[in-house]
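Down below is the structure, laid out as structure tokens.
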């Protein structure tokens, strides 16, 4: 007996999770912890800024972080790097706001950050990490505790869970039910941010049919996004163009790409 | 021609000479001298090296040239990658990093090669200068087999008796067992390369020591530009200038547009 199209259970159907930018932005309330993926979900961030959200604790780096600070949305930054690479050693709004004491910094580094996100994802009170032992990080960030491991007595850092209330990401494609398929790589840190967060919104270049997802289930990188926002070209303008086309729009042919490059 | 080289070219060549075939070279962001050094070593004498630019891992020994990046994740460079890894997954095989090499900068460096990317000022909550943050340097400097401190300028503001904050532990408070004492598995910093000189770390104290002066630089000048007493090895060597072949390879195969000559 084959299921037919539109088969219902007790008269209800599987709920689609597609919302628009305005509704997605309303998920983020004043004072929440917000994590921002990379490539940056600029379409969603623009709506956050438009709403004038305040006092956020933000897990982000680079230029999207600087934009949120410049717009006055941020009270605290969980920061491992706030620079813009060549020619921009320190992101200007971050530097100004910290030096004036307008925002707080939860000082960390890449390994500590992903360890804290992992602890949150696995509902652990902390996870150990070695990078940062001997440095000033536990002094300037009292949430990081130096401890002796109970098995061998090695000195390590205990990293507490870092749990975003909302994670905002950008990816290539998703179906209506929150099955996301990044293409060309799962972003810089997106999967850690998704696993740790209470709720995740993913804006995508294309919304595709559930059948397309089923055709290649191994390609599904996020199995349960809470909401999908359709946002073609939605990571412009902060994603470098050449990277953008590689990671986000690989379905375009080279000759189509050459129009943009 | 060998008399006519830029300091950045010299620094790149000095670093390249010290890199060995088969090593894994990890390059962070915004260090043109290092970008050139790993390319030069790979193309001249390192066909089995692996170059990792921000998680893009490649071997391009078959290429005549690999472009210098104009920005962090430059497509012209990362298109050659054999694999990518993201921020967290990069750290999944730290146990095998003995032959990995890293390069680090800093807004402050102390006599024991501890470095600071956090900021400058006695009160952390009122920094005079806020730095970019540690990126991944605490973890990298903890685990790599050795690393190099590479600086674009050599001033008393950078070379200080005490870093206001330490983001990467080099040789701590000194002594050959400085890293073992706190349980850091990696080999620590080997050289500090600046536009004036090359410094190494004395075997017993692990304090910075003048290793060689670049041509035309006096010992007095280095001392005046260093905010702490610098040991010297006697006699002080002159940094071996680039050979004609090194410069030719650098300028034709690594940096044809003169990134390091600007």
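Residue numbers (our numbering), protein chains in the order written: chain E, 887 to 1147; chain B, 3 to 264. Every residue, glycine too, gets a C-beta built ideally from N, C-alpha and C.
- In the DSSP assignment, residue 1054/E falls outside any alpha helix (DSSP H) and lies within the beta strand (DSSP E) extending over 1052-1060.
- Here the C-alpha atom of residue 964/E lies approximately 13 Å from the C-alpha atom of residue 1028/E.
- If the five residues before and after residue 911/E are omitted, its C-beta is found closer than 7 Å to the C-beta atoms of 930, 933, 934 and 937, all from its own chain and listed in chain order.
- Listed along the chain, the chain B residues whose CB falls inside 8 Å of the CB of residue 1000/E are 89, 90 and 93.
- Contact with chain B is found for residue 985/E, since one of that chain's Cβ atoms lies less than 8 Å from the residue's Cβ.
- Boundaries of the beta strand (DSSP E) harbouring residue 150/B: 148-152, taken from the DSSP string.
- No Cβ of chain B is located within less than 8 Å of the beta carbon of residue 951/E.
- Listed in chain order, the positions of the segment 176-189 of chain B with a beta carbon within less than 7 Å of a beta carbon of chain E are 184, 185 and 186.
- In the structure shown, residue 997/E adopts helical secondary structure according to DSSP, grouped into three states.
- Three or more beta-carbon pairs separated by less than 8 Å are not found between the segment 64-74 of chain B and the segment 1001-1009 of chain E, which leaves the two stretches without contact.
- For residue 235/B, the enclosing beta strand (DSSP E) has its first and last residue at 233-240.
- When beta bridges are read from the DSSP output, residue 214/B appears opposite 200/B and 239/B.
- In the displayed model, residue 1075/E falls within coil according to three-state DSSP, outside both helix and strand.
- Scanning the segment 114-181 of chain B from its first residue to its last, the whole beta strand (DSSP E) runs of 3-plus residues come out as 148-152.
- The beta-bridge partner set that DSSP reports for residue 52/B consists of 26/B.
- For residue 961/E, same chain residues with a beta-carbon under 7 Å away, outside a window of 5 residues either side, are 941, 942, 943, 989 and 990 in chain order.
- Residues are counted here when their Cβ sits less than 7 Å from a Cβ of chain B; for the segment 1054-1082 of chain E these are 1071, 1072, 1073, 1074, 1075 and 1078, given in chain order.
- Proximity of the segment 1072-1092 of chain E to the segment 1016-1034 of chain E falls short of the contact definition, fewer than three beta-carbon pairs being nearer than 8 Å.
- 965, 966, 967, 968 and 969: these are the residues of the segment 941-969 of chain E whose beta carbon lies less than 7 Å from some beta carbon of chain B, given in chain order.
- Apart from sequence neighbours up to five positions away, the residues of its chain that approach residue 161/B with a beta-carbon distance below 6 Å are 111, 228 and 229, ordered along the chain.
- Residue state for residue 908/E is assigned as helix, using DSSP reduced to three classes.
- Between residue 1121/E and residue 902/E, the CB-CB gap reaches or exceeds 8 Å.
- Around the C-beta of residue 22/B, fewer than 16 other C-beta atoms lie within 10 Å, and the residue is accordingly described as exposed.
- Considering only 948/E, 915/E, 1103/E and 1022/E, the residue with the shortest C-alpha distance to residue 927/E is 948/E.
- Note on residue 899/E: under 16 other CB atoms within 10 angstroms of its CB, so exposed under the neighbour-count rule.
- Neighbours of residue 141/B across chain E, judged by C-beta separation under 7 Å: 995, 996, 997 and 1017.
- The Cβ of residue 127/B sits closer than 8 Å to at least one Cβ of chain E.
- By DSSP's assignment, residue 60/B forms a beta bridge with 53/B.
- Counted as a single uninterrupted DSSP element, the alpha helix (DSSP H) harbouring residue 979/E occupies residues 978-985.
- The straight-line gap separating the alpha-carbon atoms of residue 173/B and residue 206/B is approximately 11 Å.
- Within a 10 Å sphere around the beta-carbon of residue 58/B sit 16 or more other beta-carbons, which makes this residue buried.
- Between the segment 45-54 of chain B and the segment 245-261 of chain B, the count of C-beta pairs closer than 8 Å reaches three or more; the two stretches touch.
- Residue pairing of residue 1042/E in beta bridges, as defined by DSSP: 1033/E.
- If you draw a straight line from the Cα of residue 136/B to the Cα of residue 998/E, it comes to about 11 Å.
- Of the candidates 253/B, 29/B and 218/B, 29/B places its Cα closest to the Cα of residue 53/B.
- Linking residue 225/B to residue 106/B through their CA atoms gives a straight-line distance of about 22 Å.
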